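Student: My structure is below; once you've seen it, I'll send some questions.
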Amino acid sequence: MTEKSWDEQRFQDIEYNLKAVREALARAAEDSGRTAADIELMAVTKTVEERFINHAIDCGVTLIGENRVQELLRKKPNLRLAGVRKNLIGHLQTNKVAQIVGEVDMIESVDSLKVAREIGKQSLKKGVVTDVLVEVNIGLEASKTGLSPEETPERIAEMAEIAGLHICGLMSVPPICEDRAKLCKYFENMYNMYVDIGAKKIDNVSMNVLSMGMSGDFAEAVRAGSNHVRVGSRIFGPRVY
């Protein structure tokens with residue numbers, strides 16, 4: 001297969017996959033008493049080449065997510081981004097904050113007070129307010145970043161006092177579970193935390209976004225209350241590292 005014909009096949013696969021994901025998303029939204037319009041679909045573009053990202057954008061994708069600061073900055077000039085929002089969803093080191101502030105619409109992976117303070121500091125330097133989500137390690141996994149569920153409300157109250165950032169909600173990646181009931185329990189716990197924190201009506205905390213659910217579990221996440229799903233391989237195919 002030539003490179004051109006391989007690209008054409010990949011373009012067709014992306015179109016087919018997007019249609020299937022949107023249909024599954026609509027069914028899950030209906031199950032939760034909502035509509036597809038209530039759920040934001042993010043196309044996760046980690047390791048995906050720019051021409052395939054642009055094709056997804058041509059197919060109606062309006063929100064993309066990148067895991068790595070350098071990869072996002074490298075790709076950005078080659079993407080057709082008019083009307084498209086760009087979020088950082090991967091772990092953010094404090095020494096990379098200055099590079100990414102002002103380059104994305106939201107940072108979804110604020111996992112410590114230290115990172116939040118640096119985002120605020122760099123945002124003030126650039127004259128912007130950075131929208132963020134607070135990452136929660138809902139399964140208390142040593143291999144994952146994020147605040148523990150127990151400390152999250154207190155940390156959010158502290159982050160809310162930092163000038164230069166605005167807390168828009170929560171993000172989480174639950175443990176891999178063969179037992180779907182156990183998986184759904186993690187999602188339900190996140191939703192309950194999201195509602196409880198929102199009810200506190202803390203200044204500078206809007207709790208509008210609950211980002212949970214990926215390629216293998218977005219339907220369960222939506223049924224549990226997610227309104228923002230991050231889908232990569234189900235759209236673009238298996239990652240090439």
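Following UniProt numbering, the numbering of the sequence shown begins with 1 at its first residue and continues without gaps. All C-beta atoms, glycine included, are put in the ideal place defined by N, C-alpha and C. Computed from a prediction, not measured in an experiment: that's the story for all the values here.
1. Just to confirm, are residue 175 and residue 190 a CB contact at a threshold of 9 Å?
2. Leaving out five residues on either side along the sequence, give the residues of the same chain with a beta carbon under 8 Å from the beta carbon of residue 147.
3. Threshold first: 3 residues or longer. Then list the beta strand (DSSP E) segments lying entirely within the segment 117-205, N to C.
4. Check whether the segment 198-207 and the segment 10-19 touch, using three or more Cβ-Cβ pairs below 8 Å as the test.
5. In whole angstroms, what separates the C-alpha of residue 82 from that of residue 162?
6. Determine the closest residue to residue 214 out of 69, 6, 79 and 40, with distance taken between C-alpha atoms.
7. Where does residue 208 fall in DSSP's three states?
8. Mark residue 115 as exposed unless 16 or more other C-beta atoms lie within 10 angstroms of its C-beta, in which case mark it buried.
9. Identify the continuous alpha helix (DSSP H) that holds residue 54 and give its terminal residues.
10. May I have the straight-line CA-CA distance separating residue 59 from residue 31, to the nearest angstrom?
11. In the segment 57-104, which residue ranges form an unbroken alpha helix (DSSP H) of at least 4 residues, counting only runs that do not cross its ends?
12. Could you tell me the distance, in whole angstroms, from the CA atom of residue 192 to the CA atom of residue 238?
Tutor: Put simply:
1. No, the Cβ-Cβ distance between residue 175 and residue 190 is not below 9 Å.
2. 111, 112, 134, 135, 136, 137 and 155
3. Whole beta strand (DSSP E) segments, 3+ residues: 130-136 and 165-172.
4. no
5. 30 Å
6. 40
7. strand
8. The residue in question, residue 115, is buried, as its Cβ has 16 or more Cβ neighbours within 10 Å.
9. 50-58
10. 26 Å
11. 69-75 and 97-100
12. 33 Å
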